[in-house]
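There are 2 protein chains.
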Amino acid sequence: MNDKFFNLPLEKQQRIINAAYKVFSQSSYKKAPMSEIADESGISKALLFHYFTNKKELYLYLWINAIEMTRKAVREYKTLETNDFFEMLKRSLLSKCSLMRDYPHMYAFSLRAYYETASEIKSAIQENFSDVSKTSEMIVFEKMDTSRLRKDIDLKTMYDEIFYAIDGYMLKKYRSNRIIPDEIELEIISLIDFWKKVYTQKEA
Amino acid sequence: MNDKFFNLPLEKQQRIINAAYKVFSQSSYKKAPMSEIADESGISKALLFHYFTNKKELYLYLWINAIEMTRKAVREYKTLETNDFFEMLKRSLLSKCSLMRDYPHMYAFSLRAYYETASEIKSAIQENFSDVSKTSEMIVFEKMDTSRLRKDIDLKTMYDEIFYAIDGYMLKKYRSNRIIPDEIELEIISLIDFWKKVYTQKEA
DNA sequence: TCTGTATTAACCGATACGGTTAACGAGGAG
DNA sequence: CTCCTCGTTAACCGTATCGGTTAATACAGA
C-alpha cells in the first residue's frame, strides 16, 4: 500500500476505511466491489487504488488494522487486570463499544473475515489470528475468581452462552441497521448486570 | 411459477430449493446469482428459469414456503400446548431442528430475508410477515406459568437473552459451516437444560 | 415412426468488475 | 506569468458475470 494514505487528514482516512469495513462486512470478499467502497467514502475508485494498489491489499490492511486496534483497546481498558468475571466482561465490551464509535462496522467485519473462504486471503488471515479467542478464553478462566459464582452451574456453558448472546445481540443490531454506540453500550451494560445477578451465588 | 415443478421427484425438488435457500442465505438478493443456484442443485440454469420464470418469483416462493413450513412444524410439535416456558422453548427448537434436517439453510434464509432491502421484494416480504415474532412473543408471555421461575429477574430480559443466544449459536454454526442437525439438537437441548436450571426458582 | 415433454448448451445484450491512464486543477516556487 | 508538483478523477480497457431466451437434443410412450 501507499504510505501517502497516512498523510491524509485523519477524518478522511477513517471515512475510507469505514466504508471498506462496511462493504466487506456486508458481502463476501469476492462479491464486495471496490467501486462501492469508493462511492461510500466519497472518493474516486482511482484514488482508492492509488492508496491500496489492489483489493487484496486493502482487505489485508483492514484485517491487520482490526486486530491491532482491538488488542490496543482491550489493553487500554485493563480488561485482564481484574479477577471479577463480570468486571472483565464489562471492560471487554466497553472497549469494543469505544472502538465502535470510530469504526462502526469493524466488529461485523472481523466476525466475517475470520470465516472468509476466498483462497486468496484465507491463509493470510488464519495465520495472523491463530486462536486468539481460544487463548483469551484460557486466560480468562485462569484468572477469574469463581468463589462468588453459583456452584451448581457449568462455567464453560455459562461463558459460551454469554458470548453467543452477545453475538446474537450484535447480529440483530447490524441486520436492522441500528449501530448506535450509546444505545448499545447501555443495553450491553444492562445485560451484564442481568447476568451478574443470575450467575452470582446467593449469600447464605 | 410453473406447476410442473411439483411433478418432479421430491428429492429433486428439495435439492433445488435447498440450493436456493443456501445461495440466498449467503448473499443479498441482488448479489445472489441464479447460475449459482443451478450449479449447486445440479440442473441447468435454463431449467431453473423454466420452473420459476424469474429470480423474484423464486425468492418469493422460498419466503412463502419458509413461513408455511415453519408454522406447520410449530403446530406439529404442539409448541404452544403447554404452559411450561422451557418446554415451549424445547418444542419450538426441536421443531426447527426437524425442519433443518430437510432444509438446512432455511433458518439462515429467513433471518436474512426479513431484513432484505432490495426494493423489488421488500414490500412483499414485510406484508407477509407483519410481526409474527412479536405476536408469538405475546402469546408465550400470556400462556407461560411464571410461578416456578425466579422472582428476582426480569422475564423480558431473560426471554430476549435466550433468543439472542440461540441466534448467536446458530450464527456460529452457519459461519463455520457446521450444520449438523443431530449435533445442533443435542447442544440446544443442553443449553435449554442449562437455562432451566439457571432460571428456575430454588425450592424453599 | 411420430409426438410430446424434460432438459440443456449456446447464446444475447447489458452491466459490473478490477485495474489503468491520461489529464485536470490548485498551490507554491522561481 | 510560467513551470512544476501532487492529489485527484473521468474516462477508459478487457473481461467476467448477470438475468433471461432460444433452438436444439434426448428420450419416453403411442
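Quick note, the sequences are listed as chains A and B, same order. The opening position of the first sequence corresponds to residue 1 in our numbering, with each subsequent residue numbered one higher. The opening position of the second sequence corresponds to residue 1 in our numbering, with each subsequent residue numbered one higher. Beta carbons: idealized from backbone N, C-alpha and C, even for Gly. Bear in mind the structure is a predicted one, so any value in this text is a computation, not a measurement.
- Query: Using the beta-carbon of each residue, which ones in chain B are nearer than 7 Å to A/Arg175?
  - Reply: Tyr115
- Query: Does any residue of chain A bring its CB to less than 7 Å from the CB of B/Thr157?
  - Reply: yes
- Within 10 angstroms of its Cβ, does B/Lys209 collect 16 or more other Cβ (buried), or is it exposed? Residue 209 of chain B is absent from the structure shown; chain B starts at 1 and stops at 204.
- Query: In or out: A/Lys64 buried (at least 16 other Cβ within 10 Å) or exposed?
  - Reply: Note on residue identity: the sequence assigns Ile, not Lys, to residue 64 of chain A. A/Ile64 should be labelled exposed.
- Task: Classify A/Thr200 as helix, strand or coil using the three-state DSSP reduction.
- Result: strand
- Compute the beta-carbon to beta-carbon distance between B/Arg148 and B/Thr79, rounded to the nearest angstrom, for a pair I have assumed lies under 8 Å. B/Arg148 to B/Thr79, Cβ: 19 Å. No contact.
- Nearest CA to the CA of B/Glu185: which residue from B/Glu40, B/Leu93 and B/Asp145? B/Leu93
- Message: Contact criterion: CB-CB distance below 7 Å. Does A/Lys31 meet it with respect to chain B?
- Response: yes
- Message: Quick check on this structure: which residue in A/Val74, A/Asp84, A/Asn83 and A/Ile16 has the alpha carbon closest to the alpha carbon of A/Tyr61?
- Response: Residue A/Ile16 is the option with its Cα nearest to A/Tyr61.
- Going by DSSP, which residues form a beta bridge with B/Leu149? B/Thr200
- Query: How about B/Ala108: is its C-beta nearer than 7 Å to some C-beta of chain A?
  - Reply: no
- Host alpha helix (DSSP H) of A/Ile16 (start-end): Leu10 to Gln26
- How would you write the range of the alpha helix (DSSP H) that A/Glu57 sits in, first residue to last? Lys55 to Glu76
- Tell me, please, whether the CB atom of A/Glu36 is closer than 7 Å to any CB atom in chain B? With respect to chain B, the C-beta atom of A/Glu36 has no partner C-beta closer than 7 Å.
- Message: Out of A/Lys143, A/Leu111, A/Lys172 and A/Gly42, which one is the CA nearest neighbour of A/Gln14?
- Response: A/Gly42
- Task: Give the C-beta separation of B/Ala165 and A/Glu187 to the nearest angstrom, bearing in mind that I take them to be a contact with Cβ-Cβ under 8 Å.
- Result: At roughly 15 Å, the Cβ-Cβ gap does not stay under 8 Å, so B/Ala165 and A/Glu187 are not in contact.
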